[in-house]
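To start, the structure under review is shown below, and the notes come after it.
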Amino acid sequence: MLFYHASDRTFWMDETAVLEYLKNSPGGFVAEYWHNPDNHPPLYYFLVLLISKILPWTELTIRLVSIISGLGIVWLVYIFTLRVVQNKRTAILAAFFTAFSSYFVLISQMARYHSLAAFLSLLVFYFFYQLFVEGYSKRVWCWYLVMLVLVGYTDYPHFFYVAFITNALYFYCLARGRSIMPFFNWFIGQITAAIILSPLVWMIYHRIVIQGDSGWSSTNLLANSWVHIFTAIFFHIYSFFFGENIFPWNYAFFGMGVLVLIAVIAGFIHGFRKKMWTPGQLFVVLLSVALIILNTLFMNVADPRYNFIVYPKFGFVAYPLWIMSFVLCISKIHSKKVRVILILIWAAVELAGLSHFYQRNNYINGSYFNDFKGFEFVKSDSVEGDLLLISGDLNMGVYNFYKEKYFSKVAAVSIDGLQALLNNKQQVILWFFSTGSDGDSVYTSVTATDQIPNGFKIIKQFQSVPVDPILLKLKQKVTGRQSYIYKYGVYLLTNK
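Under full-length UniProt numbering, the first residue of the sequence shown carries the number 1, and numbering increases by one thereafter.
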């Protein structure tokens, strides 16, 4: 499923960041990244670059690191669950429902670091579980440290979560008189990891101070409202179970899903009352809960401008742990017949979500589901000599990636280059891509047409507004303001 239709969607805005690096050699990338770092660590970009040197440039190639990481998550869920419950059927069920999910496929097909970060973070927790539950092993301890470092070079939030949780649990046990391992070994290991990760300090400093990344300036120690925080926590569970392709007003499948979730809660309570939960199983459940709370609080403080609907992907490691927890709760239900019925209902809900996902409809976040119609519009209506403006909505990496297929008749021009042409007072025929919204003043967003360069008028245009009308009304009612939606615009412009 992870490979199916992986090339049917074009890259949305954040995905295009990796395309900027494809022209580099591996050594050139390291040098460039050191002098001009992105606001994310370099490991994911580096791995995509290596694969792009081996395979042809296609959407599948660029998304392959994420897809392989997704496969790794499914495999790891199986062996992790098997280690926790010593039951192959339960482990197979956990792996199945991890994979059989529209949300999992969405994130694992995305040309972003989320899937890789989740896989590596889950490995950290897998090895820490062995230390925490089964006892100290030098081999396991070394693997824990290796994965901790790799997470650090993949994603800052995930690194914060795994480092904070594992250190908190270690010192909690130490304070209770139950040492997982000798303190000296733990301290030296953490210091070693910190030294190896120290170049990231320069990268963060460069990004914030030298480059002046505006995203970091929105940090707010007071966070958002408690309503926003609790809604965000709830939305994690909603996304992990229903995905982003089933709405509450899809009454049949939503109702079926709610029934399963009620059974999950009942299974947890029944297992707790009957003392069926082992320490290892409770470790998984508590870890899944802690992660979504920590992710919500971190995102609220670090960057409160984000809408809560994007929070789950920033703590994607919580997803497989929640699926494991769901399966563990269902396994505590006494009746085998009831368990089978619940599993079939759950599978039907996921099948509905996957059906909507692959058809690219019924989605919560339209930014992830853009197609190639805008590119095809340029290909069919452009003529030799036309220009295409390089901007934040279509960077040089996108132009180079699709040049032969869609942009063979147009030449790329920067903002400065465009200004030079305008100063010569010659006619300019310009293609312009713009991703806007319906005008949300709270987030200083603008309509797609408002971003058209001054002095130009529209000759032709193509716009798509991928949004569910009920969802739009609901968001406007909840927020009390005009809702932010993505509007993909492609415009043929002229200055005369």
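Ideal placement from N, C-alpha and C gives every residue a C-beta, glycine not left out.
Going by DSSP in three states, residue i sits in which element: helix, strand or coil?
i    : result
A411 : strand
S325 : helix
L282 : helix
K275 : coil
G455 : coil
I195 : helix
Y126 : helix
S121 : helix
V317 : coil
F432 : strand
T494 : strand
S101 : coil
G255 : helix
G489 : strand
Q109 : coil
F462 : strand
V239 : Before going on, a small fix: residue 239 reads as Ser here, not Val. Reduced to three states, the DSSP call for S239 is helix.
P41  : coil
M299 : helix
E244 : coil
H5   : coil
V446 : Low confidence applies to V446: its pLDDT is 47, below 50, so where it sits in the model is not reliable enough to give any reading.
Go through its chain and collect everything with a Cβ distance to residue i's Cβ below 7 Å, but skip five positions before and after it.
i    : result
T16  : N395, G397, V398
V140 : F127, Q130, L131
A163 : L148
I188 : none
Using a C-beta cutoff of 8 Å, does residue i count as contacting chain D?
i   : result
L19 : Included in the structure is just one protein chain, with no chain D present.
Measuring CB to CB, does residue i end up less than 8 Å from residue j?
i    : j    : result
V105 : F357 : yes
F160 : F298 : yes
R9   : N370 : yes
S52  : L116 : no
I246 : I309 : no
L145 : A99  : no
V490 : V378 : yes
F242 : G417 : no
G374 : F432 : no
I180 : L259 : no
F401 : L19  : yes
G315 : L291 : yes
V133 : P320 : no
W346 : F97  : yes
A412 : L388 : yes
T61  : V327 : no
M324 : A94  : yes
K409 : D386 : yes
Name the residue from the options whose alpha carbon lies nearest to the alpha carbon of residue i.
i    : options                : result
S355 : N36, S102, P56         : S102
A6   : Y78, G267, G70, G189   : G70
F119 : I269, A318, Y136       : A318
L82  : A290, D393, S367, Q281 : Q281
P42  : F240, Y406, L150       : L150
P182 : H206, I195, G135, H334 : G135
L229 : T278, Y491, N307       : The sequence given here places Ile at residue 229; Leu does not occur at that position. Nearest option by C-alpha distance: N307.
E59  : I79, D416, A111        : A111
V201 : V413, V327, N39, V30   : N39
I333 : Y153, K275, E350       : K275
V349 : W34, Y251, E32, D155   : Y251
Y153 : I204, N362, L344, R176 : I204
T494 : Y488, K460, S464       : K460
Keeping to the same chain, check which residues put their C-beta closer than 6 Å to that of residue i; ignore five residues upstream and five downstream.
i           : result
V85         : none
T444        : The predicted position of T444 is uncertain, since its pLDDT is 40 and thus under 50; a value taken from the coordinates is nonetheless stated next. Counting only Cβ-Cβ distances below 6 Å, and skipping sequence neighbours, we find nothing.
L148        : V124, A193
Q427        : K496
A263        : L342
residue 508 : The structure shown does not extend to residue 508, since the chain is modelled only from 1 to 496, so the question has no answer here.
H236        : I292, P312
Would you say the beta carbon of residue i comes nearer than 7 Å to a heavy atom of the ligand ZN?
i  : result
M1 : The ligand ZN is not among the ligands present in this structure, which contains no ligands whatsoever.
Between residue i and the rest of its own chain, which residues show a CB-CB distance below 8 Å, the 5 nearest in sequence each way excluded?
i    : result
I293 : I233
What are the start and end residues of each continuous beta strand (DSSP E) run of 3 or more residues lying completely inside the stretch 319 to 405, in chain order? 386 to 389
Completely contained alpha helix (DSSP H) runs for the stretch 127 to 209, where each covers 4 or more residues: 138 to 152, 156 to 175, 183 to 196, 199 to 205
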